[in-house]
Amino acid sequence: MYRLLNVMEILVDETIDEILRANKDICGCDRCRLDLSAVALNNLPTIYVVTTEGEVLKRTNSLKQQFKVDIIRALTEALEVVRKNPHHAKADA
Numbered sequence: 000m001y002r003l004l005n006v007m008e009i010l011v012d013e014t015i016d017e018i019l020r021a022n023k024d025i026c027g028c029d030r031c032r033l034d035l036s037a038v039a040l041n042n043l044p045t046i047y048v049v050t051t052e053g054e055v056l057k058r059t060n061s062l063k064q065q066f067k068v069d070i071i072r073a074l075t076e077a078l079e080v081v082r083k084n085p086h087h088a089k090a091d092a
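Under numbering that gives the first Met the number 0, the first residue of the sequence shown carries the number 0, and numbering increases by one thereafter.
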């Protein structure tokens, strides 16, 4: 079965854990993770592909190295936005 997907979403999601491990002071709850993704993805190019389940991993791996620096930069900038404007109090995390 064919699927339409934005490969950049997968690459950002795979990189968030790396960014959060390096920045222990930022909340890693589902809401903050989604906020990080949204802010970063709004500053990255979309890469839509039509693919089958088996091809998804191959496609993402081939593009990951190409966009790694851009993704880390966008997530680092998103980290500052979310840190300054969290959508919940610290106790709610």
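Ideal placement from N, C-alpha and C gives every residue a C-beta, glycine not left out.
Alpha-carbon spacing of residue i relative to residue j, whole angstroms
i     : j     : result
Cys31 : Val80 : 11 Å
Asp12 : Tyr47 : 15 Å
Thr50 : Leu3  : 7 Å
Glu52 : Ile25 : 33 Å
Thr59 : Ala21 : 23 Å
Arg72 : Met0  : 34 Å
Span of the beta strand (DSSP E), counted from its first residue to its last, around residue i
i     : result
Thr50 : 47-51
Leu33 : Run containing Leu33: none in the beta strand (DSSP E); it sits in the alpha helix (DSSP H), 29-40.
Leu3  : 1-5
Rounded Cβ spacing between residue i and residue j (contact assumed at less than 8 Å)
i    : j     : result
Glu8 : Leu40 : 6 Å
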